[in-house]
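Protein chains in written order, with full-length UniProt numbering: chain A, 1 to 319; chain B, 1 to 193; chain C, 1 to 212; chain D, 1 to 135.
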Amino acid sequence: MNLLDTLLRCVGTLVAFLVLPLVVGQTEHKVMAHMQGRLGPMYAGGFHGWAQLVADGVKFVQKENVVPAGADRRVFQLAPAVALLPYLLVLLVIPVGPDGMVGQVVDAGIFFVLAVMGIGVLGSLMAGWASANKFSLLGALRTAAQLMSYELPMLLAAASVAMAAGTVSLPGIVDAFHWWWVPWQLIGAFVFFTAGLAELQRPPFDMPVADSEIIFGAFTEYTGLRFALFLLSEYAGIVVLCGLTTVLFLGGWHGPFEDDLGWLWTLVKTFALAFVVLWLRVTYPRLREDQLMRFAWTVLIPLALAQLALTGIIKVAIS
Amino acid sequence: MGIPGSGLAKGLAVTMRTMMRKTVTAQYPDVQPDLPPRTRGVIALLEENCTVCMLCARECPDWCIYIDSHKETLPAADPNARARTRNVLDRFAIDFSLCMYCGICVEVCPFDALFWSPEFEYAETDIRELTHERERLREWMWTVPPPPAHDPAAEEPKEIAMARKAADKLAAAAAAAAAAAAEAATAEEGGES
Amino acid sequence: MSTLLAAAGSLEPAARSYLSPTGQEIVFLLVGVLVLGAAVVSVTTRQLVHAALWLVVALGGLAVEFLLLTAEFVAWVQVLVYLGSVVVLVLFGLMLTRAPIGRSPEADSGNRPAALAVGAASAATLVTLVVDAFRSSWIDLSGAAGTTRLTGEYLFSHWVLPFEALSVLLLAALVGAIVLSRSKDGGTDARPRAGKLRTGRPSAAPTKPKER
Amino acid sequence: MEWQPLAADPAAGSGYFDAYAAVGLLAVIGVLFVVVSFTANRLLRPVVDTPEKLLAYECGVDPVGEGWAHTQIRYYVYAFLYVIFAVDAIYLFPWATVFAAAGFGAATLVEMFVFIGFLAVGLLYAWKKGVLEWT
């Protein structure tokens, strides 16, 4: 693999990282609007407001950047990058299609993904602390507690798939996939997806940014481009979560005509899941903070442990 | 609520169904809204009807109607009579930054000088410019729609009902008189025969 | 066993020169300097939270060092456990117990010399140990020796007992943490029975004050 | 013990260092992206600092007290629990890749069940102690 090829793949990942979240965001605008009987943005770009988020990006770049007087300047300014970059790195290793249609194969696969995604917590904590705002700090603590609580079921559910496939490499897992894995790993898929949703702080798990209680959590003091980067990291997170769920639980590129259209299957499944993320957001109200924590520890983790036991027993029985 | 999670599924179904339905959004600047009659857009003034009785200004809860007037003496038509005085309107202005669109002024006006106009696009860039003088209020008169037709099932207006009652009474009396006359005529004929 | 040792890299002294370092070695040294610098700043800075954040840099640099030594699994364990949870735990603790922005002179304890002595002593011990143990041996980095699978094979063929003992240790830590965290307010707060979900309770009932 | 060096693994396709060089390269590209966007931002944005703008935002009224509020310690317990369980969970991954391989099988499965069993007891203990619930 020469340098040019690697460079191209990296740039491709960056482009995907910038485009796919915008697509998800625009879909959210429209889906949410229609689910509420509205039309959503209709003007930017001409056709049904397709360029709304591009226009938003242009606007954000021109916005003033306010750092509160009491804030810790450097940490405050660094936080959005810390929150954003892990998702970029993770996107590199998610396989899209068979035969090397992936940014880069990393042997540690899921383990790499989960470890790197865990760094994002630091961004929120830094943002919340450096803002010198009690609401921000409260939001940061909630974010951190939530991310840590839900990271665990994600790890356990991912481990269940790794057990089934006997590898932690993401293309290796998709290669080993059979259709009956879907029912076999159903509980794990539910746990993984739900925990991922909570980790992204999407409704109904958006207590850390509950606007009616703590304004916008850790991001209260952010303006302009830095705020936009936090939002971008949220939508990139949706893409990564849905891509990972597709790869781990839904068989990635497997489907009819997988030789030619494998990448399309991955994209279709990813966007179907992204639609579910948006759908859940529109449908359900926010969970209370204690319900949120209890749900992770008393529902998802026992379920994930049960899935681990099930996977282990069946795997040993069939081998 | 038998199966656990059925409530959650129901919620999902509701949002999905709404998404499939037609939206209710009106694309306002492109498509003008279809306003119902009696829309409270802005208050128009029919200056000719105003007698400067000041009822509207006094009843306004926000005190947003400003009226200036002076008295004018009309020369008496008849040399024996006293000269008549009449109020002449100098200024009639409504401050729409204060107005809360309660419509009390329209209700209390005894001479039908104030009307609701459906015109709602009268935004200004400065709040002080929202005090509109009588010329502007008069212009809005042209946008006042004709009063909507009465509901066919509604109760009859009092005046018509009274007139009808009187007419019915007259008609009944006339019919009774006619009947009496006819009876008398037949009795006469009978007496003759 | 010998296969595994071979996989872990040859420890034989090899004919390598210090004068023609490979790219990996250069990166290793640079990252090492970065880690050292971050660690020094971390212990000398007078801002509490900054110290924790510099610790993040130091630990992250260590993860990169592991990666450069082909210890892939350990590197990501480092990221997941140290960056993702231990440092977050430290930050958490600092933020819960009032971590002011700016310098915090009152958090300075007077035993700098003692700390310096202990740090220097442990550093000297470690350096002596490592230098003495490996001398001029070179690790062969051509094959990836620290993959998840190899770690698993090694762990479950040779180190099962320590692994099981670890679970007991973790359990003890867990129980200890819970006991410590509940010893202060234990018993005073009337909690409902665990595991039961209370429903339909009117919010007017005198419960604890809402947090924010 | 059957194991394949990574370079020969068809799923991996490339060498170990190449893979992480790509990750490193992407990290550099990501940092560049952030730097470039902030440079553009610096060139385009206005700077009009007023004292009101630099105040902490608290629902539009003047901030009360300082930027720190007393928070419940409960969050901390979750963080602590996570550290312990994360250490547990990472052992699942090396185990997951080998337990079904030849020479491991049921015995390794039982070993892991014992390991997880201990942790599950811990979780149950925390649950019974009411640490996981607030109300």
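All C-beta atoms in this analysis are idealised placements derived from N, C-alpha and C, irrespective of residue type, glycine included.
Against chain C, does A:D72 count as a neighbour if the rule is that its beta carbon must be under 8 Å from one of theirs? yes
Tell me, please, whether the CB atom of A:S233 is closer than 8 Å to any CB atom in chain D? no
Closer than 8 Å, CB to CB, is B:M19 near chain A or not? yes
Measure from the alpha carbon of D:V48 to the alpha carbon of each residue in A:Q36, A:H48, A:E64, then state which is nearest. A:E64
Using a cut-off of 9 Å between C-beta atoms, extract the partners of A:R38 located in chain B. T23, V24, T25
Measure the alpha-carbon distance for D:A107 versus D:F99 and round it to whole angstroms. 9 Å
Beta carbon proximity, B:G7 to chain A, threshold 8 Å: no
At what residue ranges does the region 16 to 103 of chain A contain a whole run of the alpha helix (DSSP H), taking only runs of 4 or more? 52 to 61, 73 to 93
Who are B:N87's beta bridge partners in DSSP? B:K71
Residues of the region 108 to 128 of chain D with Cβ closer than 7 Å to any Cβ of chain G, in chain order: Absence of chain G from the displayed structure is noted, the protein chains being A, B, C and D.
At a CB distance below 7 Å, what residues from the region 130 to 154 of chain C approach chain D? Give them in sequence order. G143, A144, T147, T148, R149, L150, T151, G152, E153
Excluding the 5 residues preceding and the 5 following A:H254 in the sequence, name in chain order all residues of the same chain whose CB lies nearer than 6 Å to its CB. F177
Chain D partners of A:T246, CB-CB under 8 Å? Neighbours of A:T246 on chain D: none; closest Cβ ~18 Å, over 8 Å.
Which residues of chain A have a Cβ atom closer than 9 Å to the Cβ of C:L126, listed in chain order? Within chain A, no residue comes near C:L126; the closest Cβ sits about 26 Å away, beyond 9 Å.
Can you tell me where the beta strand (DSSP E) with B:I43 in it begins and where it stops? 42 to 45
8 Å is my cut-off, CB to CB: does C:L80 come that close to chain D? yes
DSSP three-state call for B:I94: helix, strand or coil? strand
Check whether the region 121 to 138 of chain C touches the region 75 to 86 of chain D, taking contact to mean three or more Cβ pairs, one atom from each stretch, closer than 8 Å. no
Note down the Cα distance separating A:S169 from A:A195, rounded to an integer number of angstroms. 21 Å
Output needed in chain order: residues of the region 295 to 314 of chain A with a Cβ under 9 Å from some Cβ in chain D. A296, W297, T298, I301, P302, L305, L308, A309, T311, G312, I313
Endpoints, alpha helix (DSSP H) assigned at C:S157: 148 to 158
Check whether chain B comes within 8 Å of A:T283, counting only Cβ atoms and requiring the distance to be less than that. yes
Does C:A190 come within less than 8 Å of chain A when only Cβ atoms are used? With a pLDDT of 43 at C:A190, under the threshold of 50, the modelled position of that residue is not reliable, and no figure is offered here.
Quick one: which chain A residues come within Cβ less than 8 Å of B:G11? T283, Y284
A:I314 - DSSP class collapsed to helix/strand/coil: helix
Which first and last residues belong to the beta strand (DSSP E) in which B:S117 is found? 114 to 117
Looking at chain C, is there any beta carbon in it that lies within less than 8 Å of the beta carbon of A:M32? no
Using the beta-carbon count (16 or more within 10 Å), is C:S167 buried or exposed? buried
Please say whether A:G188 and A:V161 have beta carbons closer to each other than 8 Å? yes
Given this structure, state the Cα-to-Cα distance separating A:T266 from A:L287, to the nearest angstrom. 31 Å
Tell me whether A:G252 is buried or exposed, calling it buried when 16 or more other Cβ atoms sit within 10 Å of its Cβ. buried
Buried or exposed: which applies to C:R111, given that a residue is buried once 16 or more other Cβ atoms fall within 10 Å of its Cβ? First, the residue type needs correcting, since residue 111 of chain C is Asn and not Arg in the sequence shown. C:N111 is exposed by the Cβ-count criterion.
Taking only beta-carbon atoms, is D:F17 less than 8 Å away from chain C? yes
Are the C-beta of D:G30 and some C-beta of chain A separated by less than 8 Å? yes
For a contact defined as C-beta to C-beta under 9 Å, what are the partners of D:E52 on chain A? Ordered by position in chain A, no residue passes the 9 Å Cβ test against D:E52, which lies about 10 Å from the chain.
Which residues in chain D sit within 8 Å of A:Q201, going by Cβ to Cβ distance? Going along chain D, no residue has its Cβ under 8 Å from A:Q201, so there is no contact; the nearest lies around 15 Å.
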